[in-house]
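Enquirer:
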């Protein structure tokens, strides 16, 4: 029986093979520990599967920091996160690792990070303008492109791991606990990422994935921002999430219809009905009731697939990630 189909990333495939072994061999990494007494915990911010997170004060300079106290896990997993954070330190929109400390009694390790005045995404995403979405997506892409160029996959991109200080338009990609170094044709653990953001590779247990895994997760985030639906793909379990009729039931006609509804709100349309939702894309027609000039009465306009496609083209141009918004 033949093995799995081999796959090789189309971008940054050989970053780690071209670097010295000590760059990616985290198991051999020697951790330099700081002084735990330099930090005073203030309040608990949250908890995850592998850690508890606190706001704290660095008493040597009175600066706010975030302390991530790690739960008991394999030592090599802790070393991997530390090595990746050290390799990425100073990268655009990557959370900055400031210090690594250990409790002298329990020997529990903790990571100390820069503080970000985060706004809860469930509230923030409901208020984002088109420009805001483009801006923040660009900032996330900067972080991802940097980590990929450094030979690292994040493997847990989701709104919970993107801190946004909206007042100062500051974004940081956090939680590198599941991140891993990419080596071509290597088989990786598929039990990574969160269910609603898992790429198809993970759902079908394909282990030879690459950086593109992060891009699927980012696409799910983009969709939830645009359509204000979080999460965008809502499977009840991994099997449900795996059901490709669920992942791909968002057809082109449905996407266009959602965009037209959005456009209708912007242009004061009062109703919008997809009259042929089950027909082929080429014959799809929309009806819109638009207030007549002067505000008296309604005039009905048939919007053909041509204009719907024009709207789609306009929207995708606005959301293009290749050019930074002004």
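In UniProt numbering, the protein residues as written are 1 to 326.
Each residue gets a CB set at the ideal place from its N, CA and C atoms; glycine is no exception.
Fair warning: this is a prediction, and the values are worked out from it, not measured in the lab.
At the level of alpha carbons, what is the spacing between residue 199 and residue 35?
Expert: 40 Å
Enquirer: Rounded to whole angstroms, what's the CA-CA distance from residue 10 to residue 59? Just pull it up for me.
Expert: Residue 10 and residue 59 have their C-alpha atoms some 47 Å from each other.
Enquirer: Give me the residue from 214, 186, 189 and 228 with the minimum Cα distance to residue 154.
Expert: 214
Enquirer: Beta-carbon within less than 8 Å of residue 14's beta-carbon, same chain only, minus the 5 sequence neighbours each way: which residues are those?
Expert: 184
Enquirer: Quick check on residue 46: buried or exposed, where buried means 16 or more other Cβ atoms within 10 Å of its Cβ?
Expert: By the beta-carbon neighbour count (other beta carbons within 10 angstroms, threshold 16), residue 46 is exposed.
Enquirer: So within the segment 165 to 212, which uninterrupted beta strand (DSSP E) runs reach at least 3 residues, ignoring any that extend past its ends?
Expert: The DSSP assignment places 170 to 173 as complete runs of the beta strand (DSSP E) inside the segment 165 to 212, in order along the chain (cut-off: 3 residues).
Enquirer: Could you have a look at residue 331 and say whether DSSP puts it in helix, strand or coil?
Expert: Past the boundaries of the shown model lies residue 331; the chain is included only from 1 to 326, so the question cannot be answered.
Enquirer: Should residue 103 be labelled buried (16 or more other beta-carbon atoms within 10 Å of its own) or exposed?
Expert: exposed
Enquirer: May I have the straight-line CA-CA distance separating residue 94 from residue 4, to the nearest angstrom?
Expert: 34 Å
Enquirer: Going by CA-CA distance only, name the one from 80, 175, 212 and 92 that's closest to residue 113.
Expert: 175
Enquirer: Count the other CB atoms, across all protein chains shown, that sit within 10 Å of the CB of residue 106; report buried if there are 16 or more and exposed otherwise.
Expert: By the 10 Å Cβ count, residue 106 comes out exposed.
Enquirer: Keeping to the same chain, check which residues put their C-beta closer than 6 Å to that of residue 196; ignore five residues upstream and five downstream.
Expert: 231 and 233
Enquirer: Spatial neighbours of residue 278 within its chain, please: CB distance less than 7 Å, with the 5 preceding and 5 following residues excluded, ordered by chain position.
Expert: Residue confidence is low: residue 278 scores 38 on pLDDT, short of 50, so the model does not pin down where it sits. Its coordinate-derived value is still stated next. Within the same chain, and ignoring the five residues on either side of residue 278 in sequence, no residue has its Cβ closer than 7 Å to its Cβ.
Enquirer: Could you check whether the segment 202 to 220 touches the segment 184 to 193, counting it as contact only if at least three pairs of C-beta atoms, one from each stretch, sit closer than 8 Å?
Expert: yes
Enquirer: Are residue 67 and residue 54 close, meaning C-beta to C-beta below 8 Å?
Expert: yes
Enquirer: CA-CA distance, residue 116 and residue 168?
Expert: 10 Å
Enquirer: Nearest CA to the CA of residue 92: which residue from 187, 110, 220 and 138?
Expert: 138
Enquirer: Going by C-alpha to C-alpha distance, which of 161, 179, 203 and 204 sits closest to residue 221?
Expert: Looking at the Cα atoms, 161 is the closest of the given residues.
Enquirer: Kindly indicate the opening and closing residues of the alpha helix (DSSP H) around residue 87.
Expert: 75 to 88
Enquirer: Identify, in the order they occur along the chain, each residue of the same chain with its Cβ nearer than 7 Å to the Cβ of residue 98, setting aside the five sequence neighbours on each side.
Expert: 65, 112, 113 and 114
Enquirer: At the level of alpha carbons, what is the spacing between residue 18 and residue 141?
Expert: 24 Å
Enquirer: Kindly list the residues whose CB is nearer than 7 Å to the CB of residue 50, restricted to its own chain and excluding five residues on each side of it in sequence; keep chain order.
Expert: 70, 71, 73 and 177
Enquirer: Assuming the contact rule is C-beta atoms closer than 8 Å, residue 188 and residue 151 should be a hit. Round their C-beta distance to whole Å, please.
Expert: Rounded, the Cβ-Cβ distance is 13 Å, inconsistent with contact.
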